[in-house]
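The sequence shown begins at 631 in our numbering and counts up by one. Just so you know, even glycine gets a beta-carbon here, dropped at the ideal spot from N, CA and C.
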Amino acid sequence: MTATFDGHNDVLTREDHAGLVSGRDGGHIDLPRMRAGNLRGGIFAVFTPSSDAWMDVRTLPDGTQEVPYAEPIDQAFAAADATRAAGRLLAAERAGHLRVARTIADLDAARDGDGPPAAILSLEGAEAIDTGLEALDLWYAAGLRCLGPVWSRANAFASGVPFRFPSSPDTGPGLTDAGRALVLRCAELGVLVDLSHLNEAGFWDVAALDAGPLVASHSGVHAICGASRNLTDRQLDAIGASGGLVGIVYACKFLRPDFADDDDTPLDLIVQHARHVRDRIGIEHVALGSDFDGATVPAPLGDVAGLPRLLEAFRAGGFTEAEVTALAWDNWRRVLATWWNDAGPA
């Protein structure tokens, strides 16, 4: 069975996160189901939600669907909340259930061995980091190896893209001075900067810094689903030119041309988004980024145990075995190694 790496999940911040190790009745991801689906590595996000009802979709008079823009959150609150969530991952590592991946050797050991799977600690939104960036070094020491400057709200570093359909991702201002400093410091430390949830102005500000390959861990293709959260062809071209990648999201809203939050969605739509990226910028820039436990995913997939069905859909959709291996694992490994300044063995 093909080993798979997934670019984003939200299990650490689910109310039933305690079931990550032993198994959960619902949701998408836990260790027993990871073993069943041969998910051998992934990015585990730490996310602090806004206090408002940020996922109530409303329809405007012109037919546009949107979620009201989430209110900013306090840095001290986010730091405390994120610390608790990260502690859950570190506790699982201490008990031997997971390996928190800090080097490429950790990823390789998880893929090739029979030990625990690798989990990369990530912040989805940098509200837990102070603008002076003093906390960033501590987070790095704890294992942080991926950071998204924003979720879909504004903070001290940048403006997140709102949930809106149809809409361009060009929805507001870009990086602040603190945001530029954050990206550059991440590059110095070896922390991948994740552009999912960043608006288009912020995307181009990060690209101009040339800090590392451009990576969107869990996004779709705007040409197929015209949601603000998805990537335009121009953005895809920049990602390819930088040596980066797109983790194709499984969230039904961002797959479907109608933006419906409907799990009656075929797996072939995930394949279509991946094919668009492959055909435009090359297979080396295509990867997987589920958003498990953060969104509605297609019913034919179900959860992480269904990953073999998804890979089979890629094969049935014209992807070669070498291409499946690349998008399932190798492309993430290459880009992480570049950001981490850690090539590891070939």
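Just verifying my parser: in three-state terms, what is the DSSP assignment at HIS827?
coil
Practice prompt. Mind checking who ASP738 pairs with in its DSSP beta bridge?
Written response: Paired residue(s): none; ASP738 is not in a bridge.
### Task
Could you spell out the range, first to last residue, of the beta strand (DSSP E) harbouring ASP636?
634-639
Which same chain residues end up closer than 6 Å to LEU899 when comparing Cβ atoms and leaving out the 5 residues on each side of it in sequence? LEU885
Against chain D, with Cβ distances strictly below 7 Å, would ILE900 count as a contact?
This model lacks chain D altogether, as it is built from one protein chain only.
Under DSSP, the beta strand (DSSP E) around ARG654 begins and ends at which residues? Per DSSP, ARG654 belongs to no beta strand (DSSP E) and is neither H nor E.
Quick check: the Cα distance between ASP840 and ALA756, rounded to an integer number of angstroms? 20 Å
Q.
Using C-beta distances below 8 Å, list every residue in its chain close to ASP892, excluding the 5 sequence neighbours before and after it, in chain order.
A. CYS882, ARG886, THR926
If I follow the unbroken alpha helix (DSSP H) through ALA725, where does it start and stop? No alpha helix (DSSP H) contains ALA725, which DSSP labels as neither H nor E.
| said: So, at 6 Å on beta carbons, what are the nonlocal neighbours of TYR699 in its own chain, with the 5 sequence-adjacent residues on each side left out? | reply: PRO792
Endpoints, the alpha helix (DSSP H) within which GLY667 is located: 661-667
Proximity of SER858 and ARG794 at Cβ, strictly below 7 Å | yes
Checklist entry - Is it a yes or a no for the segment 757-771 touching the segment 701-718, going by three-plus beta-carbon pairs under 8 Å? => result yes
LEU768 - DSSP class collapsed to helix/strand/coil: helix
Exercise. Specify the secondary structure class of ALA976 as computed by DSSP and reduced to three states.
Key: In this prediction, ALA976 has a pLDDT of 45, which is less than 50 and means its spatial position is unreliable; what the coordinates show is noted afterwards. Correct three-state label for ALA976: coil.
Measuring alpha carbon to alpha carbon, tell me which of PHE635, GLN902, VAL780 ends up nearest THR678.
-> VAL780
### Query
Which partner residues does ILE673 have in the DSSP bridge list?
ILE750
Note to self: Taking the alpha helix (DSSP H) that HIS903 belongs to, which residues open and close that run?
What the structure shows: 898-911
Whole-angstrom distance between GLY637 and LEU918, CA atom to CA atom: 6 Å
Item to complete: For the alpha helix (DSSP H) containing GLY947, list its first residue and its last residue.
Response: That residue, GLY947, is in no alpha helix (DSSP H); it is neither H nor E in DSSP.
By a C-beta neighbour count over all protein chains shown, 10 Å radius and 16 as the cutoff for buried, is ASP888 buried or exposed?
exposed
Checklist line | Check whether VAL821 and LEU774 have beta carbons under 7 Å apart | finding: yes
Taking just the CA atoms, how far does ALA958 sit from ILE913? 11 Å
What span of residues does the alpha helix (DSSP H) with CYS882 cover, start to end? 882-885
Exercise. With a threshold of 16 other CB atoms inside 10 Å of the CB of ARG724, please say whether the residue is buried or exposed.
Key: exposed
*asked:* Rounded to the nearest angstrom, what separates GLY672 and PRO747 at their Cα positions?
replied: 8 Å
**Prompt:** With DSSP run on the structure shown, which of helix, strand or coil describes LEU857?
**Reply:** In the sequence on display, residue 857 carries Ala and not Leu. In the structure shown, ALA857 sits in coil (DSSP, three-state: anything other than H, G, I, E or B).
Beta-carbon contacts of ALA712 that lie in its chain and below 7 Å, excluding the five residues immediately before and after
VAL676, THR678, LEU753, ALA758
### Query
Mind checking THR806: buried by the 16 CB within 10 Å criterion, or exposed?
buried
* Asked: Hey, out of LEU966, MET631, ALA838, whose CA is closest to ARG670's CA?
  -> MET631
Q) Which residues in the same chain as VAL934 place their Cβ atom closer than 7 Å to its Cβ, once the five residues preceding and following it in sequence are excluded? A) HIS658, ILE659, ARG663, MET664, GLY667, LEU669, PHE922
Q: Just mark SER652 as buried or exposed, buried being the case when its beta carbon has 16 or more other beta carbons within 10 Å.
A: exposed
- Between HIS915 and VAL851, is the Cβ-Cβ spacing less than 7 Å? no
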